[in-house]
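Participant:
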Amino acid sequence: MISLDERLFLFINGLVGHWPFLDSVVSFLINDYFVVVVLSFLLLVFWFAGNGPTSRAHLQTGFIWTALGLALTNVAVKLFNIFVVYRDRPFIRYPDTHLLFYRPHDSSFPSNSVAVCFAFAAGIYMVNRRVGVWALALATVFAIGRVYAGIHYPLDVIGGAAIGVICVMMMRKLLTLWKWFPDTVIRIARALRLA
Amino acid sequence: MALLAFDYFLLVFVTSCGLLQGVFAFRGIVGLQFFQRRACAFAFAAASTAASFLWFFTKPDLDIPPNIIEGKQQTLTFMAGAVSSVIFSLLVASLINRRRRFVTSTPSESSGLDDLRHTTFVKILPTVERDLRAVLRSLVSGVRK
Chain L
1 MISLDERLFL FINGLVGHWP FLDSVVSFLI NDYFVVVVLS FLLLVFWFAG NGPTSRAHLQ
61 TGFIWTALGL ALTNVAVKLF NIFVVYRDRP FIRYPDTHLL FYRPHDSSFP SNSVAVCFAF
121 AAGIYMVNRR VGVWALALAT VFAIGRVYAG IHYPLDVIGG AAIGVICVMM MRKLLTLWKW
181 FPDTVIRIAR ALRLA
Chain S
196 MALLAFDYFL LVFVTSCGLL QGVFAFRGIV GLQFFQRRAC AFAFAAASTA ASFLWFFTKP
256 DLDIPPNIIE GKQQTLTFMA GAVSSVIFSL LVASLINRRR RFVTSTPSES SGLDDLRHTT
316 FVKILPTVER DLRAVLRSLV SGVRK
């Protein structure tokens, strides 16, 4: 029996080929670099963007928890793949899948790249909601694009997004309790005139 | 793959240099600016970002195995590119602004990045070293206690 997840995948992926322009846009957006690089630059700009020491410290604390949240996200996805579940990519189960991407060999669930994008976007949202909304929108487009391109089931990207957001939220909570850590990093950076 | 990683490094380096110039000009951190006019800094930011993105993302062999960069290597390359661009900005802006007369004098107490509104990084390097030693000393003594 085809699960709802797989039916949704077949519906979304079935749209490939109807609008060649959309296929080109999605192919560009879902490559391994574009969205990750854009979100990384947003975070880098945040480090220096504050107007005065207090505002800068707020943004830099956000930078630190997002960076550590990203590291935690990667570990969580790896552990998930090793100990919890290994799911074949949709193009293995459905050879007729319309592929707009190369054939990755790792587990389909959870989507590592979507987890990373949502970790970035959630971190940015927690620091600056106005920019964060755009970051979340970009991450969402990326996630849907990965399904459209035939390399993930919808549940893979939902799982990835949840892992990314939860990891950054956990790191934020942890660093609120261990405030000495971001404070120390910022103190050292301030001595170097970089914060 | 190594060549693509180097291209990725260049993308990050050039774009970071441009974006940082935009931010420094926006926030008035004069000692880190390559240009005296804000408009020039914004134009430089836009041009370097657009040029490097166009160059990298129009590569015909991008994302075609084995020409891909794995996640871990991507992260390390991004960090290397971003850190290099910050160091480059500190040094080049110091060189460009070495003869510049700043409107206000250097404050006696450190206020971090804001110090570079009044001077260049190279000019306050001895103070930076002293402050860094003081911070590290206080951290070490804090750990011992």
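In order, the protein sequence lines correspond to chains L and S.
Quick note: the first sequence uses our numbering, first residue 1, plus one each step.
Quick note: the second sequence uses our numbering, first residue 196, plus one each step.
The beta carbon of each residue, even a glycine, is placed where N, CA and C say it ideally should be.
#1: Whole angstroms is fine: what's the gap from Ala189(L)'s alpha carbon to Phe316(S)'s?
#2: So, do the segment 268–280 of chain S and the segment 240–256 of chain S have three or more beta carbon pairs nearer to each other than 8 Å?
#3: DSSP on Leu262(S), reduced to helix/strand/coil?
#4: Can you tell me whether Ala67(L) is buried or exposed, with buried defined as 16 or more other CB within 10 angstroms of its CB?
#5: Three Cβ pairs or more, each shorter than 8 Å: is that satisfied between the segment 91–104 of chain L and the segment 121–139 of chain L?
#6: DSSP three-state label for Phe316(S), please.
#7: For the putative contact between Cys117(L) and Leu39(L), defined by C-beta atoms under 8 Å, what is the C-beta separation to the nearest angstrom?
#8: If you measure between the beta carbons of Val157(L) and Phe46(L), is that distance less than 8 Å?
#9: Restricting to Cα atoms, I'd like to know which of Ile12(L), Arg7(L), Ser3(L) and Leu4(L) is closest to Ala143(L).
#10: Which residue's Cα is closest to the Cα of Asp326(S): Ser243(S), Ser336(S) and Gly307(S)?
#11: Taking the alpha-carbon of Asp205(L) as reference, which of Val16(L), Leu4(L), Leu194(L) and Leu177(L) has the nearest alpha-carbon?
#12: Distance, Cα to Cα, Asp5(L) vs Lys254(S)?
#13: Return the residue from the list Asp106(L), Ala121(L), Phe48(L) and Leu100(L) that minimises the CA-CA distance to Lys78(L).
#14: Here's a check: name, in chain order, each residue in its chain whose Cβ is nearer than 6 Å to the Cβ of Val209(S), leaving out the five neighbours to either side.
#15: Consult DSSP for Leu192(L) and reduce its assignment to one of helix, strand or coil.
#16: Could you have a look at Ala151(L) and say whether DSSP puts it in helix, strand or coil?
#17: Taking 8 Å as the threshold (beta carbon to beta carbon), is Arg236(L) in contact with chain S?
#18: Under a three-way DSSP split, which group does Ile224(S) fall into?
#19: Taking the continuous alpha helix (DSSP H) assigned at Arg233(S), which residues delimit it?
#20: Using three-state DSSP, classify Asp156(L) as helix, strand or coil.
#21: Who are the Cβ neighbours of Ser27(L) in its own chain at under 8 Å, not counting the five residues just before and after it?
#22: Which residues, in chain order, does the segment 204–223 of chain S contribute to contact with chain L at a C-beta distance below 9 Å?
#23: If we ignore side chains and look at the alpha-carbon of each, how far apart do Trp178(L) and Ala115(L) end up?
#24: Does the Cβ-Cβ distance between Thr184(L) and Leu334(S) come in under 8 Å?
#25: How about Cys166(L): is its C-beta nearer than 8 Å to some C-beta of chain S?
#26: Assuming contact is defined by CB atoms lying nearer than 8 Å, are Val168(L) and Gly132(L) in contact in what I supplied?
#27: Mind pulling the chain S residues with CB within less than 9 Å of Arg190(L)?
#28: Can you give me the C-alpha to C-alpha distance between Val281(S) and Phe80(L), rounded to a whole angstrom?
Facilitator: Short version:
#1: Residue numbering aside, residue 189(L) sits at position 189 when the first sequence is read from its first letter. Residue numbering aside, residue 316(S) sits at position 121 when the second sequence is read from its first letter. Going from the Cα of Ala189(L) to the Cα of Phe316(S) covers about 13 Å.
#2: no
#3: The residue you call residue 262(S) lines up with position 67 of the second sequence. For clarity, residue 262(S) is Asn in the given sequence; the question names Leu instead. In the structure shown, Asn262(S) sits in a strand (DSSP, three-state: E or B).
#4: Position 67 of the first sequence holds residue 67(L). Under this definition Ala67(L) is a buried residue.
#5: no
#6: For the purposes of this step, residue 316(S) is identified with residue 121 of the second sequence, where counting begins at 1. DSSP places Phe316(S) outside both helix and strand once states are collapsed to three, so it counts as coil.
#7: As a first step, residue 117(L) is located in the first sequence; it is residue number 117 there, counting from the start. As a first step, residue 39(L) is located in the first sequence; it is residue number 39 there, counting from the start. That belief holds up - the Cβ atoms of Cys117(L) and Leu39(L) are roughly 6 Å apart, short of 8 Å.
#8: Locating residue 157(L) in the first sequence gives position 157, counting from the first residue. Locating residue 46(L) in the first sequence gives position 46, counting from the first residue. Going by C-beta atoms, Val157(L) is not nearer than 8 Å to Phe46(L).
#9: Against the first sequence, residue 143(L) aligns to sequence position 143. It is Ile12(L) whose Cα lies nearest to the Cα of Ala143(L).
#10: Stepping through the second sequence from its first residue, residue 326(S) is reached at position 131. Of the candidates Ser243(S), Ser336(S) and Gly307(S), the one whose C-alpha sits nearest the C-alpha of Asp326(S) is Gly307(S).
#11: Nothing in the structure corresponds to residue 205(L), since chain L is present only between 1 and 195.
#12: As a first step, residue 5(L) must be located in the first sequence, where it is residue number 5. As a first step, residue 254(S) must be located in the second sequence, where it is residue number 59. In a straight line, the C-alpha of Asp5(L) is about 34 Å away from that of Lys254(S).
#13: Here residue 78(L) refers to the residue found at position 78 of the first sequence. Looking at the Cα atoms, Asp106(L) is the closest of the given residues.
#14: The count along the second sequence starts at 1 and reaches residue 209(S) at position 14. Contacts found: Ser243 and Ser247.
#15: Translated into positions along the first sequence, residue 192(L) becomes position 192. Three-state DSSP puts Leu192(L) in coil, outside helix and strand.
#16: Locating residue 151(L) in the first sequence gives position 151, where the first residue counts as 1. Sequence inspection shows Ile at residue 151(L); the Ala mentioned does not correspond to that position. Ile151(L): coil per DSSP, three-state reduction.
#17: Since the first residue of chain L shown is 1 and the last is 195, residue 236(L) is not available in this structure.
#18: Numbered from 1 along the second sequence, position 29 holds the residue referred to as residue 224(S). The answer is coil: DSSP assigns Ile224(S) none of H, G, I, E or B.
#19: Start at 1 with the first residue of the second sequence, and residue 233(S) comes out as number 38. First-last of the alpha helix (DSSP H) with Arg233(S): Arg233 to Phe252.
#20: For the purposes of this step, residue 156(L) is taken as the residue at position 156 of the first sequence. Note: Asp156(L) maps to helix in three-state DSSP.
#21: Numbered from 1 along the first sequence, position 27 holds the residue referred to as residue 27(L). Cβ within range, chain order: Leu100, Phe101 and Ala149.
#22: Leu206, Val207, Thr210, Ser211, Leu214, Leu215, Gly217, Val218, Phe219, Phe221 and Arg222
#23: Your numbering for residue 178(L) matches position 178 in the first sequence. Your numbering for residue 115(L) matches position 115 in the first sequence. Rounded to whole angstroms, Trp178(L) to Ala115(L) spans 25 Å at the Cα level.
#24: As a working mapping, residue 184(L) is identified with position 184 in the first sequence. As a working mapping, residue 334(S) is identified with position 139 in the second sequence. Closer than 8 Å, so yes.
#25: Here residue 166(L) refers to the residue found at position 166 of the first sequence. Residue identity check: residue 166(L) is Ile in the sequence provided, not Cys. It does not: the Cβ of Ile166(L) has no partner Cβ on chain S nearer than 8 Å.
#26: Looking up residue 168(L) in the first sequence gives position 168. Looking up residue 132(L) in the first sequence gives position 132. In this structure, Gly132(L) does not lie closer than 8 Å to Val168(L) by Cβ.
#27: As a position in the first sequence, residue 190(L) is number 190, starting the count at 1. Those within 9 Å of Arg190(L) in chain S are Ser305, Ser306, Gly307, Leu308, Asp326 and Val330.
#28: Counting from 1 along the second sequence, the entry for residue 281(S) is found at position 86. Counting from 1 along the first sequence, the entry for residue 80(L) is found at position 80. Approximately 36 Å, taken between the alpha carbons.
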